[in-house]
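568 is the number of the first residue of the sequence shown in my numbering; add one for each residue after it. Report on the following structure.
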Amino acid sequence: MEKPFWKTKTLEAMTPAEWESLCDGCGKCCLSKLEDEDTGEIYWTSVGCRLFNADTCRCSDYANRLARVPDCVGLTPQNVRTITWLPKTCAYRLVAEGQDLYWWHRLVSGNAETVHAAGISIRGRVSASETELAEPDDYFEHMLDDEP
């Protein structure tokens with residue numbers, strides 16, 4: 568039996584379709600994060616990006632997200648190795664570190680809903696959209712103790 572592509576290819580060698588299929592649909596990338604200016608420490612919030620659909624855990628305008636949301640980070644094989652806030656369960660991070668995907672990842676389970684059933688996604692855990700917050704300080708009441 569042939570090994571799956573994420574076990575045999577580097578991130579750089581993947582086709583665009585393979586790259587996109589690595590996203591597990593957890594939605595964690597689409598949460599606002601706060602960075603301590605002095606320490607560089609990242610704090611997670613339960614605030615979703617203005618384009619984030621909290622029901623589907625997907626971007627409502629994925630193709631145009633980088634143009635519409637100035638601080639949206641487009642993941643690349645190069646930057647997934649350096650972005651410190653990528654979730655511990657992120658497939659891009661796991662593959663970059665030479666690890667395998669979790670059982671609930673759709674490429675392993677064959678079902679895009681297992682990430683939600685396993686409680687990995689942020690479905691049902693978004694407390695606000697960034698469009699609902701008027702001031703930067705408003706994010707503090709949505710801070711989480713740890714990565715969701």
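All C-beta atoms in this analysis are idealised placements derived from N, C-alpha and C, irrespective of residue type, glycine included. For clarity, every value in this text was computed on a predicted model and none was experimentally measured.
Roughly how many angstroms lie between the CA atoms of residue i and residue j, to the nearest whole one?
i	j	result
Leu642	Cys590	10 Å
Thr575	Pro703	44 Å
Glu602	Leu711	13 Å
Glu569	Thr656	24 Å
Pro637	Leu618	12 Å
Asp622	Gly691	7 Å
Would a C-beta distance cut-off of 8 Å place residue i and residue j closer than the cut-off?
i	j	result
Asn620	Ser613	no
Arg632	Cys639	yes
Taking the alpha-carbon of residue i as reference, which of the options has the nearest alpha-carbon?
i	options	result
Leu578	Val662, Glu697 and Leu618	Val662
Arg625	Thr582, Ala701 and Ser688	Ser688
Ser694	Tyr629, Pro715, Glu604 and Leu668	Pro715
Cys593	Ile650, Met710 and Arg673	Arg673
Trp586	Tyr659, Asn678 and Met710	Tyr659
Gly607	Ile650, Asp705, Phe707 and Trp670	Ile650
Ala685	Trp671, Lys570 and Asn678	Trp671
State the CB to CB distance for the pair residue i and residue j, rounded to an integer number of angstroms; the pair is presumed to be in contact (CB under 8 Å).
i	j	result
Ser696	Gly615	5 Å
Lys595	Pro644	At roughly 19 Å, the Cβ-Cβ gap does not stay under 8 Å, so Lys595 and Pro644 are not in contact.
Leu668	Trp573	6 Å
Under 7 Å: does the beta carbon of residue i sit that close to some heavy atom of the ligand MG?
i	result
Ile609	The model on display carries no ligand, and the ligand MG is accordingly not part of it.
What does DSSP give as the partner residues of residue i in its beta bridges?
i	result
Glu602	Ile609
Val682	Bridge partners of Val682: none, in fact.
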